[in-house]
Amino acid sequence: MDKALRDLIEYIQFTENVAAKIHGVLDEAEIFRIVTEEFVRSERSLAGIMMLAEDGRSLRVAQVSLSTDIIKVLEEIAALPIEEFRSEPDESSILWRVIRDGMTVQTTRREIAQALLAEPLAARVLEIIGLEKEPSIATPLYRRGKAAGVLMMMAPKLAEYFIPSVRNLARHISTALDLANEHAERKRAEEALRQSERRFRAIVENSPDLFTIVERDGTISFVNFVEPGHRVEDVIGTSVYDYVPAELAVQYRPVQERVFRTGSPERIEVFGRNGRVFDCRIAPLEKEGPVEHLMVILTDITDRKKAEELLRQHRDELEKLVKERTSSLEEANTALRVMLKTADQMKAEMEEAVIFNVRRFVLPYIEQLKKSGLTAEQRPYVEMLERSLDEVTRPFMPGVPAQALTLTPVELTVANLIKQGKTTKEIAEFLHLSDRTVETHRYNIRSKLGLKGRTVNLRTYLASIRDVPA
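Residue numbering for the sequence shown follows this note's numbering, beginning at -9 and increasing consecutively.
Written out as structure tokens, the structure reads:
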């Protein structure tokens, strides 16, 4: 038989043997270890497996069938452990074409080294490994249908007709990787589920609330605790209606049936023995499809209800007290307003009485005194009396001098018209008086206000007085 054919048959058998050994292995690292171990054992070729790193651009060393001594030397050259080595091949490199285009290429050790390493590091590695022109085949490895790495095989006289066998081995490795990934994901999901169940049980078993899982026919499949005198295992498998009083079942059953039918959670208040009140929450366990199980959670809210009722009573009492106090305050305010109004009226009446009495019983006599021919010694006393009287009456009529109180009603009317800017002629026509009579009143007003002989404009002076008494 031709030697080339024998080599091909041997390699086909070798790859089938490797495929058989990784069949059923569910750990990615173990798959890579078995593959490279078989290449080392064969002593006929080298194998290297590079996988895409998490960034999707760089390649990491998954496994390589080199001796331990050579690996140590390579780690010294690279100054880092081989498992931490990362390479980002140029887009034009052979390895990147294998991953990007899914191509299987025939190349050499030199081209692979140059694709992974920069010079002079590539030259030093080739110097250690040797056989830089030795033929090599690089083919893609897949994970879930996407190129995820490169399988590289290097051997003397590795002809092109070996490519199908290398591809076949790569397919077996890719299939094993998919199975290992599925197994790992399933294990992670199972562990997450177990952790979730442990957390759920820890929460439920330490909760004061009653948690019950009820099946469609009312059978209890889970309960976190039972009343004293019962055992959990005795309750599992019995009907929820064995523990629900008849009067409560009438309220509870329609709600449970509605949740099974609609899949929408509901919440009701139920009343138990001894006046206890419970918040009952009923929710489907299944998120999709027909509802077969319900989670029923009972929370004792008796104390909360009592507190709410007590709070309501206090609120009602407070509102009643506020209404009573408000009514009392309104009555007090009304009485106070009446008192203030009465006081204002009394004050006004008193002021009017004082002004009236001063005008009637005091001012006329002062005027008589002033006209009676007072001596030089007497006149200052009369003037002092006028000033004192002005001080007494000023709070009652601010801005109005005491002399103004001596004006007659007609003089007051004339004074107000002068203050409004009316002329003598206009005042005479308005009051049906002669011009001379109005002039006489103007003279008397100036005289009584102490303006006689002064160059003070009568209208200006009257305007300065806030109010002329009526």
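For every residue, glycine included, the Cβ atom is placed at its ideal position computed from N, Cα and C.
In its chain, beyond the 5 residues on either side, Ile12, Val15, Ile163, Ala166, Leu167, Ala170 have a beta carbon closer than 8 Å to the beta carbon of Ile21. Burial is judged here by how many other beta carbons sit within 10 angstroms of a residue's own beta carbon; Met329 has fewer than 16 and is exposed.
Here DSSP, grouped into helix, strand and coil, assigns Met142 to strand.
Taking Phe29 as the centre and dropping the five residues before and after it, the same chain places the C-beta of Ser35, Leu36, Ala37, Ser55 closer than 7 Å to its C-beta, in chain order. Taking a 10 Å sphere around the C-beta of Thr5, we find 16 or more other C-beta atoms and assign the residue as buried. Listed in chain order, the non-local C-beta contacts of Val352 below 8 Å within the same chain comprise Leu379, local neighbours out to five positions each way being set aside. Counting along the chain, Asp290 sits inside the beta strand (DSSP E) bounded by residues 283 to 290.
Annotated three-state conformation of Gln410 is coil, per DSSP.
Within 10 angstroms of the beta-carbon of Gly46 lie fewer than 16 other beta-carbons, which makes it exposed.
Here the alpha carbon of Asp290 sits roughly 38 Å from the alpha carbon of Glu314. One Cα belongs to Ala174, the other to Lys(-7), and the distance between them is close to 43 Å. Counting along the chain, Arg90 sits inside the alpha helix (DSSP H) bounded by residues 84 to 91. Judged by DSSP in its simplified three-state form, Ile226 adopts coil rather than helix or strand. Close CB contacts of Glu259 within its chain, under the 8 Å cut and outside five residues either way in sequence, are with Val267, Phe268, Asp269, Cys270, Ile291 (chain order). Secondary structure of Pro198 (DSSP, three-state): coil. Distance from the Cα of Lys177 is smallest, within the candidate group Gly92, Thr26, Asp17, for Asp17. Taking 8 Å as the upper bound for CB-CB distance, Glu401 and Ile356 are not in contact here, some 17 Å apart. Looking from the CA of Val51, the closest CA among Val95, Asp59, Met41 belongs to Met41. A Cβ-Cβ contact shorter than 9 Å links Ala128 with Ile102. Rounded to the nearest angstrom, the Cβ distance from Leu407 to Arg432 is 10 Å, too far for a contact under 8 Å.
Note that the segment 239 to 255 touches the segment 273 to 284; at least 3 beta-carbon pairs, one per stretch, sit closer than 8 Å.
Rounded to the nearest angstrom, the gap between the Cα atoms of Val428 and Thr365 is 33 Å. Within the segment 163 to 216, the complete beta strand (DSSP E) segments of 3 residues or longer fall at 200 to 205, 210 to 213, listed in chain order.
Residues Leu448, Tyr451 of the same chain have their beta carbon placed closer than 7 Å to that of Leu441, with the five preceding and five following residues left out of the count.
According to the DSSP assignment, Phe261 belongs to the beta strand (DSSP E) that extends over 256 to 261. Taking all protein chains in view, the Cβ of Ile193 is surrounded by fewer than 16 other Cβ atoms within 10 Å, so the residue is classified as exposed.
Taking 9 Å as the cut-off, the Cβ atoms of Glu124 and Arg87 do not count as close. Assignment of Gly38 by DSSP, reduced to helix, strand and coil, places it in the strand class. Short of 8 Å from the beta carbon of Ala43, and not among the five residues preceding or following it, lie these beta carbons of its own chain, in chain order: Leu49, Arg50, Arg76.
Taking the Cβ atoms as the reference, Ile89 lies roughly 6 Å from Pro130, within the contact range of under 8 Å. Here the alpha carbons of Thr228 and Glu74 stand approximately 60 Å from one another. For Leu49, the uninterrupted beta strand (DSSP E) run begins and ends at 49 to 54, by DSSP.
Inter-residue distance for Val446 and Lys415 is about 21 Å (C-alpha atoms, whole angstroms). Comparing alpha-carbon positions, the option among Leu397, Pro354, Tyr1 lying closest to Pro154 turns out to be Tyr1.
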